[in-house]
Structure formats: structure tokens, C-alpha cells
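First up is the structure itself, then whatever we jot down about it.
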Amino acid sequence: MSGIKFFTKQRMLVLLAGAFLSLAFAPVYFFVAAIISLSFFYLALEQENRPKEIFWLGFFFGFGHFLSGIYWIAISLTVDARQFGWLIPFALVIIPSILAVYLGLFALTYKKLLFTETYQKILSFALCWLLFEVLRANLLSGFPWNLLGYAWMFDLHFTQLASVFGIYGLSFFAVLVALFPVLFWKRKSSFGNKIFAAFLSIFLIGNLTFGYFAIDDKKLLRDEKTKLRLVQANVKQEIKWEENQKYQNFLKTILLTNSKNLDDIKAVIWAETSTPYVIDDNPGLLDHLKSAVPKNGVLITGALRVAYDERKKVSDVWNSIFVINEKGVSQHYDKNHLVPFGEYVPFHRFLSFLFLDTFIDKITGGGKGFSEGEGAQTLMTENFSFSPLICYEVIFSSEIVNKNHRPDLLVNLTNDAWFGRSSGPYQHFDMARMRAIEYGIPLVRVAGTGISAFVDPFGRIIAKIDLNHEGIVDVVLIKNSEPTIYATYGLLPLMALIALAMIPLIPRKKQKNDMR
Numbered sequence: 023m024s025g026i027k028f029f030t031k032q033r034m035l036v037l038l039a040g041a042f043l044s045l046a047f048a049p050v051y052f053f054v055a056a057i058i059s060l061s062f063f064y065l066a067l068e069q070e071n072r073p074k075e076i077f078w079l080g081f082f083f084g085f086g087h088f089l090s091g092i093y094w095i096a097i098s099l100t101v102d103a104r105q106f107g108w109l110i111p112f113a114l115v116i117i118p119s120i121l122a123v124y125l126g127l128f129a130l131t132y133k134k135l136l137f138t139e140t141y142q143k144i145l146s147f148a149l150c151w152l153l154f155e156v157l158r159a160n161l162l163s164g165f166p167w168n169l170l171g172y173a174w175m176f177d178l179h180f181t182q183l184a185s186v187f188g189i190y191g192l193s194f195f196a197v198l199v200a201l202f203p204v205l206f207w208k209r210k211s212s213f214g215n216k217i218f219a220a221f222l223s224i225f226l227i228g229n230l231t232f233g234y235f236a237i238d239d240k241k242l243l244r245d246e247k248t249k250l251r252l253v254q255a256n257v258k259q260e261i262k263w264e265e266n267q268k269y270q271n272f273l274k275t276i277l278l279t280n281s282k283n284l285d286d287i288k289a290v291i292w293a294e295t296s297t298p299y300v301i302d303d304n305p306g307l308l309d310h311l312k313s314a315v316p317k318n319g320v321l322i323t324g325a326l327r328v329a330y331d332e333r334k335k336v337s338d339v340w341n342s343i344f345v346i347n348e349k350g351v352s353q354h355y356d357k358n359h360l361v362p363f364g365e366y367v368p369f370h371r372f373l374s375f376l377f378l379d380t381f382i383d384k385i386t387g388g389g390k391g392f393s394e395g396e397g398a399q400t401l402m403t404e405n406f407s408f409s410p411l412i413c414y415e416v417i418f419s420s421e422i423v424n425k426n427h428r429p430d431l432l433v434n435l436t437n438d439a440w441f442g443r444s445s446g447p448y449q450h451f452d453m454a455r456m457r458a459i460e461y462g463i464p465l466v467r468v469a470g471t472g473i474s475a476f477v478d479p480f481g482r483i484i485a486k487i488d489l490n491h492e493g494i495v496d497v498v499l500i501k502n503s504e505p506t507i508y509a510t511y512g513l514l515p516l517m518a519l520i521a522l523a524m525i526p527l528i529p530r531k532k533q534k535n536d537m538r
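Right, dumping it as C-alpha cells:
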């Protein structure tokens, strides 16, 4: 009976509402799902005053949302099911549960704010939602996946405000718009609610207008002399690291690169770990790599980098990007923001202290975890500068650009082959596009099995190779000399927005009545 009491009808309904919210993101882009889902969640919280139940309503909503939004993590564990299949319940239950705690705490925090007017409740709901998105994105390792602002990606005109307020600002506005119907839930609406409804209507029109004017091709400069070749070899994860397949996969990438003349190309760009060997340990490997280097140009490729101690044992392993010219390796970048449990084990020393080394070996496959790089960098070539980003580093908005040296290009190398045909690669791609909008910098994204694309500073897809397709695409570099407000001032505009949003929430002093 205790199980029945725990899984109450109301909790199951908010769980379904949370799951429904995922339809607002790629690849479905059904923004109405956000309106229905959040409005239902809001009304469910309005009818509940018991703190314990408020937490569980938030938790169940979050569990439904994260289970349906990141279920694809479990798919990655089926690639080597013998080694990692036992972790599937962890991916389907534990991870969504941990993330759901944020929404449980969100619900408690929101309900602590005792406002009477509906418009005040909506504002406080949006501000609390924003707070817990920021916490989720930054606490521990951080996981800013499917922040609500990405729901605007159904129409790029609505996303251009990210160039001012960043993705968090878009999340704040998304909550306000999603809760618009709540203003008219009651038959009689107060004057304040009507004013707020008018404000939201004006905002929607204004945001759309801003987007149309912001997307201005006159701001862009095509550098016809700088052509880039994106190479998607479509190597499946199941055979990527097989010893009897590695060389064939590597050769396939080289042949695909040279399937068209390289004469006009200034940079060839491969995906994350497209070079399946340690470059520094294989001098002869450079001769193969140089065959993919255009004249007076460079090859940008992902590969592992290894350091050894005095006993010639591996001391560090990095997931890296190498820049290779006709002479050899000219630069490299080491991934800084590593994937927990995928590239390193959090609290490794603590787990070892508890004699859980067997558990660690099961997660890592007995291998050594990756070491961290030094953070955002700007690498230089003769023709352009770029900010290198590996895999999900691109989802961390504040960590992708060296503010002291603005790059011409964002280059994101990734491998989404782990996630099959799920929603994961589409969501990941949208997050990369958002970084281009925020910073006003074009983006090259090359993924092992897709989606590879060239994206302009407004988030528009100029050229693309679809998921699970093999191919190359040549593009002309687009430059944008104007840094965005977000790129210049960071979170300051968002903080100003929050301050303005809090004004209607300030309690008004009652006027003293001298008539006694």
C-alpha cells in the first residue's frame, strides 16, 4: 500500500506533464508542449500547500522531463552491453532522479514566496526556474542540457535575444510565455494581470521584430579566400576502436577528404578522435595525416594525447584537437570540461579510499580517466583563428571563448555515434547553434556520424551533413566583426533583467490612514 501512496494520481500526472515538455525541444520543436506542460505544473503546485508533497510534485515533474529528455544516455551503454549494460538502470533512473531534485527544490522555493496576484506568481515562478537552471548548469560538474530557452529554436527569430541575455534569458522568457494562459484561468482577471498579459503580448511581437532586424546579412563578411572542408566519415561506434578496423576507418576518412580537389581549401576539419592513434607515438602517422593537409592550409582533427612518467608509464591522457600543417603538428588543445563517468570518475580518490576500485574499473573499462585541459583557448592558423571545443564543452555557454582573444570561428568536434538515431544528437546540435547566436561567431561542427554543419552567427544552417550519412561539404568562411552584447558584457544584461523583474514583487507599503 505504501507504494500506491507514493505513486499517487497527481504525481503520475505531473510526471507525464514533465515528459510532455521534452517535445518542445529538438527534433520535434512543439513549443505548445511547453505551454501545456508548464501551465499544468503551475496549477498543480497552486493546489498544494504541504511542503513534502510540493517537493514530490516538483521531483516527479523533473523525473518525467529528464527521463524523456536524456533517455539516449542509456543507448550509449548498449554499444558495449557486456561491459556497460549493467549501468543502464543508472542512466534511466539514477541520473533523472538526481536532476529531478533540482525541480523538487525549485517547487519548494517557489511556494515559499507567498504572492497573491497571478502575475506576481508567474514572475516568481520564472525567476525561481531561472535560478535552478543556473544551479543545474554549474553545481558539481554541471549539466545544462535542454535548458528551457532551447525551446525557442523552432524559429530562429525568437532566439536572437540570446545575443543580449544568453540562453538563461531565453529560458526566463520561455517560462513567462508558457504560463500566459494561467493569467486567464480565473473568470475575473485583475488589472495587474491584464497589464502583465499586455506586456507579454508586446514582448512576443517585440522579440519577433528584434529577430527580423537582428538577422542582417550586411553584418557578415564572406572570406572567399578561406574555404573549409567538413568531413563526416560516418564510422559506427561499434567498430570505431576495433583493432582490425581502426586503420580502415582512418584510411576511409583520408580517402573521403581527398575525394574532391583540395587546391582551394584552407582547412580540412575532422571529427572528435577521427585519428584513432596517438599522434606523438607514431612518427609515420604524420605522413598519412599530411596527405589530408591542403597546400598552405591545415588539418584540424581530434585524437588522443598521452604523456609518460619517468618509468615510461602513461601518466596523463587527454582528449585533444590537433592542428597539423605541411610541416607537422603546429598546435593542440586539450579538452577541459570532461564528461562525468564517461571520461573521468568523480570523487575517484574517495571511491578508492572506500575500496571501490572494482566499481571504478567497471565504469572505465580498466582504463585511465582523461586529464583536464587548461580551458578556453584561441588557436591561430594563417587564414583564421578559432575556439576549439570538444563534444559537450559546447553546451557550457560561459566557457567556450577566450575573452582576451575573440576568434573568427567556433570549431566543435564531437562524436554522437554513441546515441544512434535518438533525440540526443539533434539536441546537442541545437545547443551548438545557440553558442553561435550568443557570441555572434560562426560555428563549424563536425561529428563522427553527424550532425556536421556550418552555422552562421545567427544560428542559420548554411551547409549540413545529416545524421548517419557519409560525406564532405565545402563552405566559405563567414566573418562577423561585431561582438554581441552578450559576448561583451556576459551575464550583466541578464542581471539587469532580473532586477527589473523583481520590482513588481517588492511588497508595497500600506498608506497610513490618519482617520482614526
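This note's numbering numbers the first residue of the sequence shown as 23 and each following residue consecutively.
Don't be surprised by glycine CBs; every beta carbon is placed ideally from N, CA and C.
As the structure is a prediction and not an experimental result, all values here were calculated from the model.
- For residue 194, the secondary structure class from DSSP, reduced to helix, strand or coil, is helix.
- Contact holds between the stretch 465-473 and the stretch 423-438, because three or more Cβ pairs, one in each stretch, are under 8 Å apart.
- Of 111, 101, 199, 177, the smallest CA-CA separation from residue 144 is found for 199.
- Under the Cβ criterion (8 Å, minimum of three pairs), the stretch 509-519 does not count as touching the stretch 474-489.
- DSSP, read as helix, strand or coil, puts residue 419 in helix.
- Bridge partners of residue 465 according to DSSP: 432, 477.
- A direct Cα-to-Cα measurement between residue 502 and residue 427 gives close to 14 Å.
- Assignment of beta-bridge partners to residue 344 by DSSP yields 323, 354.
- Our two residues, residue 234 and residue 398, have alpha carbons roughly 31 Å apart in a direct line.
- Under the criterion of beta carbons closer than 8 Å, residue 267 and residue 261 qualify as touching, at roughly 4 Å.
- The count of Cβ pairs closer than 8 Å, one atom from the stretch 409-427 and one from the stretch 353-367, reaches three, so the stretches are in contact.
- Distance check between residue 497 and each of 507, 420, 287, 339 places 287 closest, using alpha-carbon atoms only.
- Closest option to residue 344, judged by alpha-carbon separation, among 291, 285, 155, 165: 291.
- Only buried fits residue 358, as 16 or more other CB atoms lie within 10 angstroms of its CB.
- For residue 515, the enclosing alpha helix (DSSP H) has its first and last residue at 514-524.
- 7 Å or more divides the Cβ of residue 296 from the Cβ of residue 279.
- Burial is judged here by how many other beta carbons sit within 10 angstroms of a residue's own beta carbon; residue 28 has fewer than 16 and is exposed.
- With a cutoff of 7 Å on beta-carbon distance, residue 155 and residue 119 are scored as not near each other.
- Contact between residue 64 and residue 201 holds, since their C-beta atoms are separated by about 6 Å, short of 8 Å.
- Between the stretch 50-64 and the stretch 455-468 there are fewer than three inter-stretch CB-CB distances shorter than 8 Å, so the stretches are not counted as touching.
- Judged by DSSP secondary structure, residue 248 falls outside any alpha helix (DSSP H) and instead within the beta strand (DSSP E) spanning 242-254.
- Residue 149 is not bridged by DSSP to any residue.
- Comparing alpha-carbon positions, the option among 281, 443, 335, 393 lying closest to residue 360 turns out to be 393.
- The C-alpha of residue 303 lies about 16 Å from the C-alpha of residue 333.
- The three-state secondary structure of residue 278, taken from DSSP, is helix.
- With fewer than 16 other CB atoms across the displayed protein chains lying within 10 angstroms of its CB, residue 336 is exposed.
- Look at residue 334 here: in three-state DSSP terms it is coil, with no helix or strand label.
- Nearest in C-alpha terms to residue 91, of all of 341, 256, 165, 326, is 165.
- Per the coordinates, the alpha-carbon of residue 464 lies some 5 Å from the alpha-carbon of residue 431.
- In the structure shown, the three-state DSSP call for residue 398 is coil.
- Residue 49 has its alpha-carbon roughly 6 Å from the corresponding atom of residue 445.
- With fewer than 16 other Cβ atoms inside 10 Å of its own Cβ, residue 269 counts as exposed.
- Residue 451 and residue 417 have their alpha carbons spaced roughly 9 Å apart.
- Put simply, the backbone Cα of residue 348 is about 19 Å away from that of residue 281.
- The stretch 92-100 and the stretch 129-149 do not touch, with fewer than three beta-carbon pairs separated by less than 8 Å.
- Residue 186 is positioned such that its CB atom lies no closer than 7 Å to that of residue 494.
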